[in-house]
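Those protein sequence lines, which keep their order, are chains A and B.
The first sequence: position 669 = 888 (our numbering), numbered continuously.
The second sequence: position 91 = 308 (our numbering), numbered continuously.
Glycine included, each C-beta is placed from N, C-alpha and C at the ideal position.
All values reported here derive from a predicted model rather than from experimental measurement.
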Amino acid sequence: ELSDGTTDIVHPEVRAHISSLVAALGGASTEDDGRYHLGDDALEVLRDIKRWIRFYDEKTNRMDVARCIHEANLIEGDLLPILATWPENATDSKYKSRIALACFEIMVPLTWPMERDKERMTINHHRHMPVLELAQVQYKMAMINFDEARILHAAVRTALPSLALPASDRAARDQGIIKLVLFFLRNMAMIAPPPNVQYEGDETQISRSATIDAFSYQDIFLFLLTLASNMGDDFRTEDTAVMEIIYHLIKRVDIEKLFMTEQQAHKAKAHELTSLMNKESAMLKAYTRNGPTRHNRFGTMIWVKREDGKMSSLSGQDALADTTARNLKMDKNKVFKPPRRTKKENKDERDLGPPAKLNARATGQLRSFVEEFLDSGFNPLFSHVRKTIDREASHVMQYHRRQFFYLVAWFLEAERTRQKLKRDSRKSNDDVSSFSLVAGVLNQEMFITLNKAMNEAYEYKDWHELAAVMRCFTQILLTVQEMIESGREDDEEIAENVLSRLFYEESTHDIIANIVRTYKDQGFYYLDAATELVHHFLRILEAYSKQNADMQVRSRKRTRQKKNKDQQQQGTEDGVLAEENDDSANDDETAERTSKERKFDFQRFAARFTPQGVVDTFVKFTRFYQDMDDSQLKRVHRFFYRLAFKQEMSVMLFRVDIIHLLYNMIKGPEALDKGSGMFKDWEELVKQILRKCFKKIEQRPELIIEMLFSKLQSTAFFLEYGYEKQTASKK
Amino acid sequence: KEPPSGLGIEEEVSVQKRVRVPNVKLDEERLLGPAGIPKLRKRAAGLKLKGKGHEFSDASRLLSFYQLWLDDLFPKARFLDALAMVEKAGHKKALVTARDGWINEGRSKASHDDDDEL
Numbered sequence: 220e221l222s223d224g225t226t227d228i229v230h231p232e233v234r235a236h237i238s239s240l241v242a243a244l245g246g247a248s249t250e251d252d253g254r255y256h257l258g259d260d261a262l263e264v265l266r267d268i269k270r271w272i273r274f275y276d277e278k279t280n281r282m283d284v285a286r287c288i289h290e291a292n293l294i295e296g297d298l299l300p301i302l303a304t305w306p307e308n309a310t311d312s313k314y315k316s317r318i319a320l321a322c323f324e325i326m327v328p329l330t331w332p333m334e335r336d337k338e339r340m341t342i343n344h345h346r347h348m349p350v351l352e353l354a355q356v357q358y359k360m361a362m363i364n365f366d367e368a369r370i371l372h373a374a375v376r377t378a379l380p381s382l383a384l385p386a387s388d389r390a391a392r393d394q395g396i397i398k399l400v401l402f403f404l405r406n407m408a409m410i411a412p413p414p415n416v417q418y419e420g421d422e423t424q425i426s427r428s429a430t431i432d433a434f435s436y437q438d439i440f441l442f443l444l445t446l447a448s449n450m451g452d453d454f455r456t457e458d459t460a461v462m463e464i465i466y467h468l469i470k471r472v473d474i475e476k477l478f479m480t481e482q483q484a485h486k487a488k489a490h491e492l493t494s495l496m497n498k499e500s501a502m503l504k505a506y507t508r509n510g511p512t513r514h515n516r517f518g519t520m521i522w523v524k525r526e527d528g529k530m531s532s533l534s535g536q537d538a539l540a541d542t543t544a545r546n547l548k549m550d551k552n553k554v555f556k557p558p559r560r561t562k563k564e565n566k567d568e569r570d571l572g573p574p575a576k577l578n579a580r581a582t583g584q585l586r587s588f589v590e591e592f593l594d595s596g597f598n599p600l601f602s603h604v605r606k607t608i609d610r611e612a613s614h615v616m617q618y619h620r621r622q623f624f625y626l627v628a629w630f631l632e633a634e635r636t637r638q639k640l641k642r643d644s645r646k647s648n649d650d651v652s653s654f655s656l657v658a659g660v661l662n663q664e665m666f667i668t669l670n671k672a673m674n675e676a677y678e679y680k681d682w683h684e685l686a687a688v689m690r691c692f693t694q695i696l697l698t699v700q701e702m703i704e705s706g707r708e709d710d711e712e713i714a715e716n717v718l719s720r721l722f723y724e725e726s727t728h729d730i731i732a733n734i735v736r737t738y739k740d741q742g743f744y745y746l747d748a749a750t751e752l753v754h755h756f757l758r759i760l761e762a763y764s765k766q767n768a769d770m771q772v773r774s775r776k777r778t779r780q781k782k783n784k785d786q787q788q789q790g791t792e793d794g795v796l797a798e799e800n801d802d803s804a805n806d807d808e809t810a811e812r813t814s815k816e817r818k819f820d821f822q823r824f825a826a827r828f829t830p831q832g833v834v835d836t837f838v839k840f841t842r843f844y845q846d847m848d849d850s851q852l853k854r855v856h857r858f859f860y861r862l863a864f865k866q867e868m869s870v871m872l873f874r875v876d877i878i879h880l881l882y883n884m885i886k887g888p889e890a891l892d893k894g895s896g897m898f899k900d901w902e903e904l905v906k907q908i909l910r911k912c913f914k915k916i917e918q919r920p921e922l923i924i925e926m927l928f929s930k931l932q933s934t935a936f937f938l939e940y941g942y943e944k945q946t947a948s949k950k
Numbered sequence: 218k219e220p221p222s223g224l225g226i227e228e229e230v231s232v233q234k235r236v237r238v239p240n241v242k243l244d245e246e247r248l249l250g251p252a253g254i255p256k257l258r259k260r261a262a263g264l265k266l267k268g269k270g271h272e273f274s275d276a277s278r279l280l281s282f283y284q285l286w287l288d289d290l291f292p293k294a295r296f297l298d299a300l301a302m303v304e305k306a307g308h309k310k311a312l313v314t315a316r317d318g319w320i321n322e323g324r325s326k327a328s329h330d331d332d333d334e335l
């Protein structure tokens, strides 16, 4: 019990120990313009604090020591001033460098990201975490904005002696120091104010811009570039740590904005503002059109005559406007909500965070880093990480795979944007840099990893990773397509080769169709990734199969083992046993699968995207039409167009809720912005679909009932053509 | 009967739960009932669509046709919610058979027409 009658939340003895240690560490002197003086046994004290953290907090899974350290103001009050007494040109003082290292050994666990793993959380976690999360933000603010010394740079300096050694000569301790420094930088890049908490401090001092600014000013970018470009030679196990730092720096950064010049950025901002204001005024206009023209107690009441002699009453003037408004009003007055399952908490959402907003200065700094990284570090780092992931090295965490795919996708897009800019800026000059800068992720090994990851993530229901893989796949497709159009012979040849390999495996086609067919509340990010992949995959595959009329694919056929044996004895089976892709070396399974080459038929492939499940996924995506940009709207538009007019399966769209959605996009109270580029296209498409729908209703009155339900393929076929589908007899 | 002594503490309180009135559901029974799809079919005869050139007004008419029918069938749910419930019920066996029946009806009619033409 404390003196004021409350009980302390940590053990009083722990608190006493920690505060006496912090006091013994040293302090600002009273003479000497208040410089920091180390205590006599400062090094031992630092080691003791470290031991407290390790053997009390970490061993017993509490957070008491961390809490006490936060309350004793150790980092801002002691550690940072101590690091400031280590002058930048003094590298030979052994004592000082050991003190510095000890400081970082304490700071790293204190800034370590906290996991919210429900099964391992104790009551102490619930007690301390909210405080400590804010404490970490405060630590970060203090460290990257510390005026007297460059803390991040000091971290790198502690690792310099170890870094200077050749990789083979480094002892375990040296490697540990390098790792420590990398983790410190990772923590600095990663810490952000917790979501769903209103951060009270100055946001600008811990924002992404401030982080990038600090990284640039303290030469951390150079350090990262050195490590990345020497990955595989001088550095081996550091690959994932470097990748993590880069991930936390660039996640959710808008690439297009990154590559704009200042002038363009200004223009884009102004444009964004005007378009937003236009949108708002359109919204207000729509409201005033239907809004009341008199005061709210005017008291209009109307009867609506309905069939069977029924009447409903409605109040409010807006009910006078027209039937649609009346129907809407009748609907809005209802309060019943069907029971819904509560949304699962998505723990991965914390990881990605909201889109990053960068100021002009940080944009410039990050851009130059990204360009240099593409030029020198991309291939060595990512091929090395890919190998590390493939051999399932012990330092690879589950989330590293996700980060890897995210980063590959991001940098591929960045490279394409950069090349586009270069092309635009000097049209006549043919000196466009080749795609060899990103060749490290366009080889066969990468595609194997990609396919494997896609299958595994889908199987284990790791949606977050699957979304990253899908984005990566999309970016690879887009890059390859750009290579084909690049007009350089060698690039074109490689691209042809890559495409033929990408499209060769029919299992890839299967899984993409499956993913999009089985979407069920995995979140918008996932939905966006899945529809984007399908859009580009279909588009590029169509073009490719047109060019290569006799394209072959390897399709897998599942046959019963016995049959398989029989056939083999008869010698009719021309396939060979397929290699098992996943590691589960299940002999039975292997034997069941045979593969053979088959001519690829695009029409048949495209027909996989007509079942109700796929259409539903796209419809769910379309529901977000008000928040979509033009490319997303176009994506759905193309899909619906293809479905209705190329594949003649418009019947799939004839369901009341879909018609409702399409109608409301154009004519509803919250319609698409009429000024937007896609509005005309959508209006035409919806009109054509509606026209088709009414024609069909006239032709087949039973559609009035079927419009309420999802349709099976056979029903849909009958409704579309009026006769039964001739099922092809199996061989 | 004894006069109530004091605060009524000694009186026995019934703790048995009363059975709740079951929730009304929009399920296949309701859909197949007289106010359900049979009614929809009857009403559909009165639905007049103008055709070419009036796509959007026709769509609005069609939607309000469905909305009013659903409002009569299951007044408490909103239009889109009710639609989702109907769609879900459509996978039930009873409804699947019924749907097949309706389609076959239309089919035989269509083939009769074809015969007439021949």
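- In chain order, Q284, D288, R295, F296, L297 make up the part of chain B whose C-beta sits under 9 angstroms from the C-beta of D550 (chain A).
- Assigned with DSSP and collapsed to three states, E632 (chain A) falls in helix.
- By the Cβ-count criterion, L503 (chain A) is exposed, with fewer than 16 other Cβ atoms from all chains shown falling within 10 Å of its own Cβ.
- At a cut-off of 7 angstroms between beta-carbon atoms, L266 (chain B) makes contact with chain A.
- Taking 7 angstroms as the threshold, the shortest C-beta distance from L224 (chain B) to chain A does not fall below it.
- Only exposed fits K551 (chain A), as fewer than 16 other CB atoms lie within 10 angstroms of its CB.
- Put simply, the CB of F273 (chain B) is near chain A, with a gap under 7 angstroms to one of its CB atoms.
- Residues of chain A whose Cβ lies closer than 7 angstroms to the Cβ of G323 (chain B) are, in chain order, R919, P920, E921.
- Taking the Cα of K562 (chain A) as reference, the smallest distance to any Cα among A:K739, A:I301, A:S534, A:H236 is reached at A:K739.
- V375 (chain A) places its beta carbon 7 angstroms or farther from that of C287 (chain A).
- For K524 (chain A), the enclosing beta strand (DSSP E) covers residues 520-524.
- CA-CA distance, N321 (chain B) to V523 (chain A), rounds to 37 angstroms.
- Taking the beta carbon of E304 (chain B) as reference, the chain A residues within 8 angstroms of it are R874, D876, L927, F928, S929, listed in sequence order.
- Where Y255 (chain A) is concerned, the enclosing beta strand (DSSP E) starts and stops at 255-257.
- Interface residue (Cβ-Cβ distance to chain B less than 7 angstroms): K278 (chain A) is not classified as such.
- Within 8 angstroms of the CB of H879 (chain A), the CB atoms of chain B belong to L280, F296, L297, L300, in sequence order along the chain.
- Between E715 (chain A) and R773 (chain A), the C-beta spacing is not below 7 angstroms.
- Annotation: the continuous beta strand (DSSP E) that includes A247 (chain A) extends over 245-247.
- Chain-ordered, the chain B residues with CB closer than 8 angstroms to the CB of L909 (chain A) read E272, F273, D275, A276.
- The alpha carbon of V350 (chain A) has as its nearest neighbour, out of A:P412, A:N674, A:K315, the alpha carbon of A:P412.
- Using a CB distance below 7 angstroms, no part of the region 478-509 of chain A faces chain B.
- Taking 7 angstroms as the CB threshold, G318 (chain B) stays off the interface with chain A.
- In the structure shown, the three-state DSSP call for V772 (chain A) is strand.
- Using a CB distance cut-off of 7 angstroms, T543 (chain A) counts as an interface residue toward chain B.
- For I885 (chain A), the C-beta contacts it makes with chain B under 8 angstroms involve F273, in order along the chain.
- The residue among A:F843, A:F666, A:L379, A:I325 with its C-alpha nearest the C-alpha of R266 (chain A) is A:I325.
- By DSSP's assignment, L533 (chain A) forms a beta bridge with A:I521.
- Nearest in C-alpha terms to A633 (chain A), of all of A:R586, A:K486, A:E263, is A:R586.
- Comparing alpha-carbon positions, the option among A:T698, A:I924, A:N546, A:S595 lying closest to S277 (chain B) turns out to be A:N546.
- Taken atom to atom, the span from the alpha-carbon of A390 (chain A) to that of F454 (chain A) is near 13 angstroms.
- By the CB criterion at 7 angstroms, G659 (chain A) and A447 (chain A) fall outside the cutoff.
- Here Y882 (chain A) is actually not in contact with L287 (chain B); their C-beta atoms are around 16 angstroms apart, not less than 8 angstroms.
- Residues of chain B whose Cβ lies closer than 9 angstroms to the Cβ of I521 (chain A) do not exist; the shortest such Cβ separation is about 16 angstroms.
- Membership of Q357 (chain A) in the alpha helix (DSSP H) is indicated by the continuous run 342-363.
- The straight-line gap separating the alpha-carbon atoms of T459 (chain A) and A408 (chain A) is approximately 15 angstroms.
- Of the candidates A:T636, A:N662, A:A672, A:A672 places its Cα closest to the Cα of Q622 (chain A).
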